[in-house]
Amino acid sequence: MSFRFYFDGIEIDRAPHLRHEPDWAGGSPRDSLARIVPIWRDQSLVHGGDAPRAAFLEADEARAICELGSTIVFLGLDNGHAYYAVDLSDHEDPTQLALPDGAVFEDLRRLASNLDQVDAGKLAYGRALAHWHRNHRFCGACGAPTTSNKGGHERVCGNEACGRHHFPRTDPAVIMLVTHPTEDKCLLGRNKRFQGLRFSTLAGFVEPGETLEQAVSREVKEESGIYTADVTYQASQPWPFPASIMLGFRARAITTEINCEDQELIEAKWCTRDEVRAMSTDSGILPPSNYSISRWLIDTWLNEG
Ligand SMILES: [Zn+2]
Numbered sequence: 129m130s131f132r133f134y135f136d137g138i139e140i141d142r143a144p145h146l147r148h149e150p151d152w153a154g155g156s157p158r159d160s161l162a163r164i165v166p167i168w169r170d171q172s173l174v175h176g177g178d179a180p181r182a183a184f185l186e187a188d189e190a191r192a193i194c195e196l197g198s199t200i201v202f203l204g205l206d207n208g209h210a211y212y213a214v215d216l217s218d219h220e221d222p223t224q225l226a227l228p229d230g231a232v233f234e235d236l237r238r239l240a241s242n243l244d245q246v247d248a249g250k251l252a253y254g255r256a257l258a259h260w261h262r263n264h265r266f267c268g269a270c271g272a273p274t275t276s277n278k279g280g281h282e283r284v285c286g287n288e289a290c291g292r293h294h295f296p297r298t299d300p301a302v303i304m305l306v307t308h309p310t311e312d313k314c315l316l317g318r319n320k321r322f323q324g325l326r327f328s329t330l331a332g333f334v335e336p337g338e339t340l341e342q343a344v345s346r347e348v349k350e351e352s353g354i355y356t357a358d359v360t361y362q363a364s365q366p367w368p369f370p371a372s373i374m375l376g377f378r379a380r381a382i383t384t385e386i387n388c389e390d391q392e393l394i395e396a397k398w399c400t401r402d403e404v405r406a407m408s409t410d411s412g413i414l415p416p417s418n419y420s421i422s423r424w425l426i427d428t429w430l431n432e433g
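Straight run, no breaks: the sequence shown in our numbering ends on number 433.
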């Protein structure tokens, strides 16, 4: 399967009907066909070195880990195996865990470009659910402890008078390439959080009560002072750091005067295709990294000219 962005290459049958099984998908993390995806405080287990690869453990080598995990989540089925994420975050020192030789916990964002993308998708999925469990141990309505249910795809409040069910959250963020109304240029910005002289498409979170299209227009106006129209959806990228999905759009500007009024951006500017193509390590002005949805939106526009 080809992929366009980090983490969009996941191939797994989430098998939601099996989440209702009391013994989890008719198997268990201790089954010989199980594959364990260990998580420690938002880090994923990989075999390190020059060519890192995801560490999916077999039941035998993961027996001690499964006993220690605070949460086990049934992720789904792939190629005859049932995948389970196991959260080991309660342990202070992950080097004391019984891990295979050479396996270490690493930040998935740092490794993304070096991992097999199908595997990276599974790691991202497991990381997202482990993070959600760790941050929803108590009911947001009444404050009582919650417990994991349905194979780890919901948590239920233990207070009988409340009994609320809580579900994993995904927060939508919009990211957009804005084109100039009359000239062959696009709008790129330099965010104060970026390291170095890196330009990217504009982006921001969707607020309650607005459409995705309104979020695009609002964010572009806030960050650059530009008014837009003709907002059209292009593609999406899972971004579970900790719980987002990036929704990619194209928008057409109807004004041209830039004003970075909310100071989220250090600067924004209209760039020609040649200026964007010249962005490189050599020039000292960087484009977004490969396989980001920002880069894909820009490259798609470049290829049209
Ligand atoms: Zn409650």
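C-beta atoms are modelled at their ideal positions from N, C-alpha and C, and glycine is treated no differently.
Distance from the C-beta of residue 287 to the nearest heavy atom of ligand 1 is below 6 Å. Each of 353, 342, 304 and 426 was checked against the Cα of residue 402, and the nearest Cα belongs to 426. In the structure shown, residue 209 falls within a strand segment according to DSSP collapsed to helix, strand and coil. Residue 168 has its alpha-carbon roughly 12 Å from the corresponding atom of residue 196. Judged by DSSP secondary structure, residue 162 falls within the beta strand (DSSP E) whose first and last residues are 162 to 168. Taking the Cα of residue 307 as reference, the smallest distance to any Cα among 279, 267 and 354 is reached at 354. Contact check for residue 185 against residue 164 passes: the beta carbons are separated by less than 7 Å.
Separation of residue 249 and residue 293 (C-alpha to C-alpha, rounded to the nearest whole angstrom) is 27 Å.
Secondary structure note for residue 216: it is in no beta strand (DSSP E), with a DSSP letter that is neither H nor E. A contact is defined here as three or more CB-CB pairs under 8 Å, and the region 356 to 372 fails this definition with respect to the region 395 to 411. For the pair residue 393 and residue 132, the Cα-to-Cα distance works out to about 26 Å. Using a Cβ-Cβ distance cut-off of 8 Å, the region 366 to 384 and the region 331 to 344 are in contact, since at least three pairs of beta carbons, one from each stretch, lie closer than that value.
For the options 370, 255 and 177, the alpha carbon positioned closest to that of residue 202 is the one of 255.
At a cut-off of 6 Å, the beta-carbon of residue 283 does not count as near ligand 1: no heavy atom of the ligand is closer than that.
Following the DSSP letters along the chain, one finds residue 259 inside the alpha helix (DSSP H) bounded by residues 245 to 262. Of the residues assessed, residue 409 falls on the exposed side of the cut-off, its CB having fewer than 16 other CB atoms within 10 angstroms. Only buried fits residue 327, as 16 or more other CB atoms lie within 10 angstroms of its CB.
A check of alpha carbon separations from residue 139 across 419, 296 and 205 identifies 205 as the nearest.
Judged by DSSP in its simplified three-state form, residue 241 adopts helix. Taking 7 Å as the cut-off, the beta carbon of residue 298 is found closer than this to the beta carbon of residue 371. At a cut-off of 6 Å, the beta-carbon of residue 326 does not count as near ligand 1: no heavy atom of the ligand is closer than that. Taking C-alpha positions only, residue 302 is separated from residue 242 by approximately 26 Å.
Taking 7 Å as the cut-off, the Cβ atoms of residue 226 and residue 192 count as close. The alpha carbon of residue 213 has as its nearest neighbour, out of 239, 369, 261 and 422, the alpha carbon of 261. Boundaries of the beta strand (DSSP E) around residue 330: 330 to 333. Around the CB of residue 258, 16 or more other CB atoms lie within 10 Å, so the residue is classed as buried.
In chain order, 162 place their CB closer than 8 Å to the CB of residue 156, counting only its own chain and leaving out the 5 sequence neighbours on each side. With 16 or more other Cβ atoms from the protein chains shown falling within 10 Å of its own Cβ, residue 280 counts as buried.
Taking 3 residues as the shortest admissible run, the region 337 to 401 contains the following complete beta strand (DSSP E) segments, listed from N- to C-terminal end: 356 to 367, 372 to 381 and 393 to 400.
Within 6 Å of the C-beta of residue 265 there is not a single heavy atom belonging to ligand 1. Beta-bridge annotation (DSSP): residue 307 is paired with 314 and 380.
When rounded, the separation of the alpha-carbon atoms in residue 414 and residue 407 is 5 Å. In terms of Cβ geometry, residue 412 and residue 245 do not form a close pair [threshold 7 Å].
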